[in-house]
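Visitor: One structure is given below, represented as structure tokens, and several questions about it will come after.
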Amino acid sequence: MIPVNSSRRAFLRPVVSMTMDQQRALAVKSGCGAIYAWGKSSDRVNPRERWIASLEPGDVAWVADLRCLLLPKPPRKVRPVIDFSLTVERIRATGAVIVDAVAGISSDDKKRWPEHYKRALERVANGERALRRKLAKARARSRKPANAGKGIVALWRSPAMAAERDRCLDIWCNVKRYGTAEAAQAAMPFDDLRRASLLTLRRIFDSRYPAGKRGRKRST
Numbered sequence: 769m770i771p772v773n774s775s776r777r778a779f780l781r782p783v784v785s786m787t788m789d790q791q792r793a794l795a796v797k798s799g800c801g802a803i804y805a806w807g808k809s810s811d812r813v814n815p816r817e818r819w820i821a822s823l824e825p826g827d828v829a830w831v832a833d834l835r836c837l838l839l840p841k842p843p844r845k846v847r848p849v850i851d852f853s854l855t856v857e858r859i860r861a862t863g864a865v866i867v868d869a870v871a872g873i874s875s876d877d878k879k880r881w882p883e884h885y886k887r888a889l890e891r892v893a894n895g896e897r898a899l900r901r902k903l904a905k906a907r908a909r910s911r912k913p914a915n916a917g918k919g920i921v922a923l924w925r926s927p928a929m930a931a932e933r934d935r936c937l938d939i940w941c942n943v944k945r946y947g948t949a950e951a952a953q954a955a956m957p958f959d960d961l962r963r964a965s966l967l968t969l970r971r972i973f974d975s976r977y978p979a980g981k982r983g984r985k986r987s988t
């Protein structure tokens, strides 16, 4: 566990792939000294605004997943993707560094951040509802023992899941950060992958080795 640091300030908001409790546990483990959680506020100031207002230059603006930055119900007449992009810019304007904890990518990473941010924008634009439907279908298939692995593999190898698959592939192939397949599986941002067998994950992402190289992108 990382020592608690008041400059590491977390914002929690439930998303399809991670509950608030899971996010809070990860924030504590990451040493966040201040945690702002989405919920009702007595003075009608939403927690995201409180969190952004608390940020100072050099702070870490911690989220488990970049999609946590998007409000469950964006301001009226504001498209979710616009709300998301404006929020990212507001945070960066404070001088704080945004950290996506699950992905292990921060906004000061000039090499990986641009592509990671682009993918996040695409996920927001596509909406969580579509992803929820896909995962629900995978869970339904997994209840049938004969098709448990087959249904999940078919889903995660489909073109519709390309963005989410690439995100998880980064975790699966990061052997430096996740020394074992079990550790990589535990870091997966989707319950379906955390519950799947290691054989199923290898069918989706291929081998984790050689170190530093991405798995092959299978055709469907």
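Here the sequence shown is numbered in my numbering, starting from 769 and rising by one per residue. C-beta: ideal position from N, C-alpha, C; glycine also.
Within a Cβ cutoff of 6 Å, which residues of the same chain sit near residue 952, ignoring the five residues on either side of it in sequence?
Guide: If we look at residue 952 and ignore the five residues flanking it on each side, its Cβ neighbours are 939, 940, 946.
Visitor: What three-state label does DSSP hand residue 777 in the structure shown?
Guide: Reduced to three states, the DSSP call for residue 777 is strand.
Visitor: Excluding sequence positions up to five away, which residues of its chain have a Cβ less than 8 Å from the Cβ of residue 881?
Guide: 873, 874, 875.
Visitor: Is residue 785 buried or exposed, if buried means 16 or more other CB atoms sit within 10 Å of its CB?
Guide: By the neighbour-count rule (16 or more Cβ atoms within 10 Å), residue 785 is buried.
Visitor: Mind checking residue 950: buried by the 16 CB within 10 Å criterion, or exposed?
Guide: When all chains shown are included, residue 950 counts as exposed.
Visitor: How big is the Cα-Cα spacing for residue 831 and residue 894?
Guide: Answer to the nearest angstrom: the Cα atoms are 20 Å apart.
Visitor: Write down the C-beta distance between residue 848 and residue 834 rounded to the nearest angstrom, noting that I regard them as a contact closer than 8 Å.
Guide: Contact doesn't hold; Cβ gap of about 13 Å is too wide.
Visitor: DSSP three-state call for residue 943: helix, strand or coil?
Guide: If DSSP states are grouped into helix, strand and coil, residue 943 belongs with coil.
Visitor: Would residue 802 and residue 821 be called neighbours here (beta carbons separated by less than 8 Å)?
Guide: No, they are not a contact pair.
Visitor: Can you give the Cα-Cα distance for residue 926 and residue 887, rounded to whole angstroms?
Guide: Rounded to whole angstroms, residue 926 to residue 887 spans 17 Å at the Cα level.
Visitor: Kindly indicate the opening and closing residues of the alpha helix (DSSP H) around residue 893.
Guide: Residues 881-894.
Visitor: Tell me which residues share the same chain as residue 988 and place their Cβ nearer than 7 Å to its Cβ, disregarding the 5 neighbours each side in the sequence.
Guide: Any answer about residue 988 is weak, because its pLDDT of 37 lies below 50 and its placement is not dependable; what the coordinates show is given next. Only 925, 926, 927 meet the Cβ criterion.
Visitor: Could you spell out where the alpha helix (DSSP H) holding residue 849 opens and where it closes?
Guide: Its alpha helix (DSSP H) spans residues 848-861.
Visitor: For residue 806, which beta-bridge partners are listed by DSSP?
Guide: Per DSSP, none; premise fails for residue 806.
Visitor: Would you mind reading off the limits of the alpha helix (DSSP H) that contains residue 960?
Guide: Taken as a continuous stretch (DSSP letters only), the alpha helix (DSSP H) holding residue 960 covers 959-963.
Visitor: Could you tell me if residue 783 is buried or exposed, where buried requires 16 or more neighbouring beta carbons within 10 angstroms of its beta carbon?
Guide: Burial call: buried.
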